[in-house]
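Below is one structure, written out as C-alpha cells; comments come after it.
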Amino acid sequence: MAAGTAAAAAASLRTDLFINGAWRPAASGERFPVVNPATEEVIAEVAAAAPQDIDDAVAAARACFEGDAWRGVSARKRGALLYRAADLLEQRADAMARLETLHNGKPLFESKIDVGMTVETLRYYAGWADKLTGSTLPVDGPFFTYTLREPTGVVAAIVPWNFPLNLASWKFAPALAAGCTVILKPASETPLTALAMAEIMQEAGFPPGAFNVLPGGGSSVGSALVKHAGVDKIAFTGSTAVGQQIMRDAAGTVKRVTLELGGKSPNIIFADADLKAAVRGAQTGIFYGKGEVCAAGSRLFVERKIHDQFMEKLIERTAKVRPGDPLDPKTRLGALVSEPQMKKVLGYIEKGSAEGARLVAGGKRAKVGEGKGYFVEPTVFDDVRNDMTIAREEIFGPVLATIAFDDVEDAVRQANDNPYGLAAAVGTRDIGKAHRVARRLAAGTVWINTYNNYDPAAAFGGCKMSGFGRELRTLPTGCRGIGRTCPDGRLVLYLVEFLRGGNRGVAWANSFAR
Ligand code: NDP
Numbered sequence: 014m015a016a017g018t019a020a021a022a023a024a025s026l027r028t029d030l031f032i033n034g035a036w037r038p039a040a041s042g043e044r045f046p047v048v049n050p051a052t053e054e055v056i057a058e059v060a061a062a063a064p065q066d067i068d069d070a071v072a073a074a075r076a077c078f079e080g081d082a083w084r085g086v087s088a089r090k091r092g093a094l095l096y097r098a099a100d101l102l103e104q105r106a107d108a109m110a111r112l113e114t115l116h117n118g119k120p121l122f123e124s125k126i127d128v129g130m131t132v133e134t135l136r137y138y139a140g141w142a143d144k145l146t147g148s149t150l151p152v153d154g155p156f157f158t159y160t161l162r163e164p165t166g167v168v169a170a171i172v173p174w175n176f177p178l179n180l181a182s183w184k185f186a187p188a189l190a191a192g193c194t195v196i197l198k199p200a201s202e203t204p205l206t207a208l209a210m211a212e213i214m215q216e217a218g219f220p221p222g223a224f225n226v227l228p229g230g231g232s233s234v235g236s237a238l239v240k241h242a243g244v245d246k247i248a249f250t251g252s253t254a255v256g257q258q259i260m261r262d263a264a265g266t267v268k269r270v271t272l273e274l275g276g277k278s279p280n281i282i283f284a285d286a287d288l289k290a291a292v293r294g295a296q297t298g299i300f301y302g303k304g305e306v307c308a309a310g311s312r313l314f315v316e317r318k319i320h321d322q323f324m325e326k327l328i329e330r331t332a333k334v335r336p337g338d339p340l341d342p343k344t345r346l347g348a349l350v351s352e353p354q355m356k357k358v359l360g361y362i363e364k365g366s367a368e369g370a371r372l373v374a375g376g377k378r379a380k381v382g383e384g385k386g387y388f389v390e391p392t393v394f395d396d397v398r399n400d401m402t403i404a405r406e407e408i409f410g411p412v413l414a415t416i417a418f419d420d421v422e423d424a425v426r427q428a429n430d431n432p433y434g435l436a437a438a439v440g441t442r443d444i445g446k447a448h449r450v451a452r453r454l455a456a457g458t459v460w461i462n463t464y465n466n467y468d469p470a471a472a473f474g475g476c477k478m479s480g481f482g483r484e485l486r487t488l489p490t491g492c493r494g495i496g497r498t499c500p501d502g503r504l505v506l507y508l509v510e511f512l513r514g515g516n517r518g519v520a521w522a523n524s525f526a527r
C-alpha cells in the first residue's frame, strides 16, 4: 500500500483518550505509536492513559452509573441507543473496516465481516435490553419472593488485537444493554477502531461516562483497571497468562471476571467426511484471520485411512493461498499483527521442524510488494505428534499441525489431551457419530462439518485453560441480584449472582451444505 494512503486514512483519526464524553490527551502527555503491520509505517500516535486518567475514567463511569443521566434511562431507551449506534456503525462500515485493516493487517474482506458482526451484536443486545426479566420463587411461608436483574456497575472491557472492534462489542454491547457503564481498554497494537467507536457512541446519544476508552499498556492501564476498587467487573479476552494474572489481581477487590483465553482447537476429519468440504474447512479453520484466532483449528486430526489423499488436496489448495496487500479486496491472507508476533510464529515453525514434524507447505516469512510487512506463508506440518510443542502451545499464526488418528477413541483421546478447551470440530457424514463425538470433546463450541461460525445468538467461551464465562447469547454482561419482599412490601436485595455460562457449549451442525 502506498505510504500516502495510510497517512490520509489516519488524518481524521481520533487518538486522544475518551473520558466522560470528552476527548483529551493523557495527563502525562505520553503517546505510543500504532504501526500498520502490512507496511511497517507508523499510522498514529495514541495517548497512553496515565494513573490520573484511569481514576478520572472510573469516577466518570461510576458517576454515570449512579446518576440519573444513565440510571434514569429506561431499558427500552438503552436498547434504542444501541440500535442507533448500530445504524451509525453500519453507515460507516467501509471506513471502519479500512481502519481495522490498517492497524491489524487483516484482509479488508475479513474486516468487513468483523464490522458486520459488530453491527449484529449491537442490534442483538439492543433487543435484549428491555427483556431482562426476573422471576418469582415459590418459597415456603407468607412471602412474595422474586428476583431482579440489576446491572453490576462499572465494567472494564480489556480486549486483544485480533478482532479489536468485534470482540470489544461482545463486552460493551451487553454491558450497556444491562445498564452498566463501560471502560474499554483496547490492545496497544489496535486502539484505533475503539476510539472511532467512541465517536459513534457519543453521536448515538450515550450520556457522558457511559462509554469510555482508555488506550495504554496492559501492565499499566489494564492492570490498574483490574485492581481498581471502583471497577465492578472485568470482561477480558486475551492470553491465558494474562488471564491468570487478572484472576490474581482481581482477588484484591473480589471483583467478578469473565475470561476468554487461548485455544489449541482440534479439527477432527473422519474418513467418511465430504473430503472437498473438509479440506476447505481445515483451511478456513487455520488461515482465516491469519490464524490469529483464539478458536483456530490449529490441530488437524485426519483419520489414517484418508490421510494421504486428504493431505495431497490440502497441500494443493494451500499453495493457492498467497499473502497479499490487506487493502486489496481480493486478498485472503494478510499481515501478522506485529513484528514480535511474526517472530514468535516463525520461532514455532523452526521448533516444529526441530522436533521432527514434516513441513509440507510454507514455513517462511513471505515477501509482499516491496518486501515490507509482517507476512508469513500459510504453513502446514504433517506427521505431528500430539506431544510436540506445535501441537500443545497456541501459535496464533497461519500454522497447521496435522496428526493422524486410527478410530473414534484415538481421536477423542488425542483431541482432549491438551490444556486448552475453547473450540473443536468434527467432519463426518455420519450425523450420529458427529453428535456422539461432539459431546465427548472438552470444548465450549463444537462445529460439525463446518468451522469458524459465530453468531450473537450462539454463546461462545471455553473450559480448562481457555477460561470461563460465556459471551454472546447469554444474559448481558453484568446482571445480578435477587430480591425478596417481606409481607409489608419492603424490598430486601440479597444481590446473589445469576448463573452465567451454565450451558456446556454450542454445536454448529452441517453448514458445509450451504
Ligand atoms: P494479551 O493477553 O497479551 O492482551 C490482551 C489484552 O490484555 C490487551 O489489551 C493487553 O494490553 C491487556 N493486558 C496485558 N497485560 C495485562 C495485565 N497485566 N492486566 C490487564 N490487562 C493486560 O493477549 P494478546 O493481545 O496478545 O491477544 C492474543 C491472545 O488472546 C491469544 O492468546 C488468544 O488466544 C487470546 N484470544 C482469546 C479469545 C477468546 O475468545 N477466547 C479471542 C481472541 C484472542 P496491551 O495490548 O497493552 O498489552
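For the sequence shown, my numbering gives the first residue as 14, with consecutive numbering after it. We treat Cβ as the ideally placed atom computed from N, Cα and C, and that holds for glycine. As the structure is a prediction and not an experimental result, all values here were calculated from the model.
I believe residue 283 touches residue 316 by the beta-carbon criterion, under 8 Å. Please report the beta-carbon distance rounded to the nearest angstrom.
The Cβ separation is near 5 Å, so the contact holds.
Give me whichever residues DSSP pairs with residue 476 in a beta bridge.
According to DSSP, residue 476 bridges with 434.
Need the endpoints of the beta strand (DSSP E) that residue 413 sits in, please.
Residues 412–418.
Apply the 10 Å Cβ neighbour rule to residue 134 and answer buried if 16 or more other Cβ atoms are within range, or exposed otherwise.
By the neighbour-count rule (16 or more Cβ atoms within 10 Å), residue 134 is buried.
DSSP state of residue 20, grouped into three classes?
Only weak support is given to the placement of residue 20: the predicted model assigns it a pLDDT of 48, under 50, and the value that follows is read from those uncertain coordinates. Correct three-state label for residue 20: helix.
Could you tell me the boundaries of the alpha helix (DSSP H) in which residue 259 lies?
Here the alpha helix (DSSP H) through residue 259 covers 253–264.
Do you know whose CA, among 411, 233 and 338, lies nearest residue 383's CA?
That would be 338, whose Cα lies nearest to the Cα of residue 383.
I'd like to know whether the C-beta atoms of residue 323 and residue 281 end up nearer to each other than 7 Å.
Their beta carbons are not under 7 Å apart, which means residue 323 does not touch residue 281 by this criterion.
For the ligand NDP, I want to know if residue 360 counts as a neighbour, meaning its beta carbon is within less than 6 Å of at least one of the ligand's heavy atoms.
Checking every heavy atom of the ligand NDP against the Cβ of residue 360, none is found closer than 6 Å.
I need the straight-line Cα distance from residue 451 to residue 405, nearest angstrom please.
Distance between the alpha carbons of residue 451 and residue 405 is about 20 Å.
Is there at least one Cβ from chain C nearer than 7 Å to residue 424's Cβ?
In summary, chain C is missing from the structure at hand, where a single protein chain is found.
Is it the case that the CB of residue 232 approaches a heavy atom of the ligand NDP more closely than 6 Å?
Yes, the Cβ of residue 232 comes within 6 Å of a heavy atom of the ligand NDP.
How long is the line joining the alpha carbons of residue 4 and residue 60, rounded to whole angstroms?
The chain is shown only over 14 to 527; residue 4 falls outside these bounds and no answer can be derived.
In the DSSP output, which residue or residues are listed as bridge partners for residue 198?
Answer by DSSP bridge pairing, in chain order: 171.
With respect to 6 Å, is the separation between the Cβ of residue 124 and the closest non-hydrogen atom of the ligand NDP below this value?
For the ligand NDP, not one heavy atom lies less than 6 Å from the Cβ of residue 124.
In the DSSP assignment, the alpha helix (DSSP H) including residue 96 goes from what residue to what residue?
Counting along the chain, the alpha helix (DSSP H) containing residue 96 begins and ends at 88–104.
Is the CB-CB distance between residue 132 and residue 99 below 7 Å?
A contact, by the Cβ cut-off of 7 Å.
Is it the case that the CB of residue 307 approaches a heavy atom of the ligand NDP more closely than 6 Å?
Within the cutoff, so yes.
The beta strand (DSSP E) with residue 44 in it runs from where to where?
Note, residue 44: beta strand (DSSP E), 44–49.
List the endpoints of the continuous alpha helix (DSSP H) containing residue 127.
Looking at the DSSP string, the run of the alpha helix (DSSP H) that includes residue 127 is 121–141.
Is the beta carbon of residue 465 sitting closer than 7 Å to the one on residue 301?
The answer is yes: Cβ separation under 7 Å.
What span of residues does the alpha helix (DSSP H) with residue 388 cover, start to end?
That residue, residue 388, is in no alpha helix (DSSP H); it is neither H nor E in DSSP.
Within 10 angstroms of its Cβ, does residue 15 collect 16 or more other Cβ (buried), or is it exposed?
For residue 15, the predicted structure reports a pLDDT of 43, less than 50, and the residue's modelled location is therefore unreliable. A value from the coordinates is still provided. Classification for residue 15: exposed.
Counting C-beta neighbours from all protein chains within 10 Å, is the total for residue 246 16 or more, i.e. buried, or is it exposed?
So residue 246 counts as buried.
Which whole-angstrom value describes the C-beta separation of residue 51 and residue 347, a residue pair presumed to lie in contact below a C-beta threshold of 8 Å?
Right, their Cβ atoms sit about 7 Å apart.
Going by DSSP, which residues form a beta bridge with residue 440?
Its beta-bridge partners are 282.
Using the three-state DSSP reduction, which class does residue 115 fall into: helix, strand or coil?
The answer is helix: DSSP assigns residue 115 an H, G or I state.
Based on the DSSP secondary-structure assignment, which residues constitute the bridge partners of residue 57?
Looking at the DSSP assignment, residue 57 forms a beta bridge with 47.
Quick one: what's residue 225 bridged to in DSSP?
The partner list for residue 225 (beta bridge, DSSP) reads 196.
From which residue to which residue does the alpha helix (DSSP H) around residue 71 run?
Start and end: 64–79.
Sort out for me which residues DSSP pairs residue 374 with in a bridge.
DSSP lists 393 as partners of residue 374.
Return yes when at least one heavy atom of the ligand NDP lies under 6 Å from the C-beta of residue 258, else no.
Yes, the ligand NDP has a heavy atom inside 6 Å of this Cβ.
Using only the heavy atoms of the ligand NDP, determine whether one of them is closer than 6 Å to the beta carbon of residue 58.
Outside the cutoff, so no.
In whole angstroms, what is the alpha-carbon distance linking residue 239 and residue 350?
Those two C-alpha atoms are separated by around 25 Å.
If distances are taken between C-alpha atoms only, which option among 393, 443 and 352 comes closest to residue 118?
Here the closest residue by C-alpha is 352.
From which residue to which residue does the beta strand (DSSP E) around residue 300 run?
Counting along the chain, residue 300 falls outside any beta strand (DSSP E), though it belongs to the alpha helix (DSSP H) covering 288–300.
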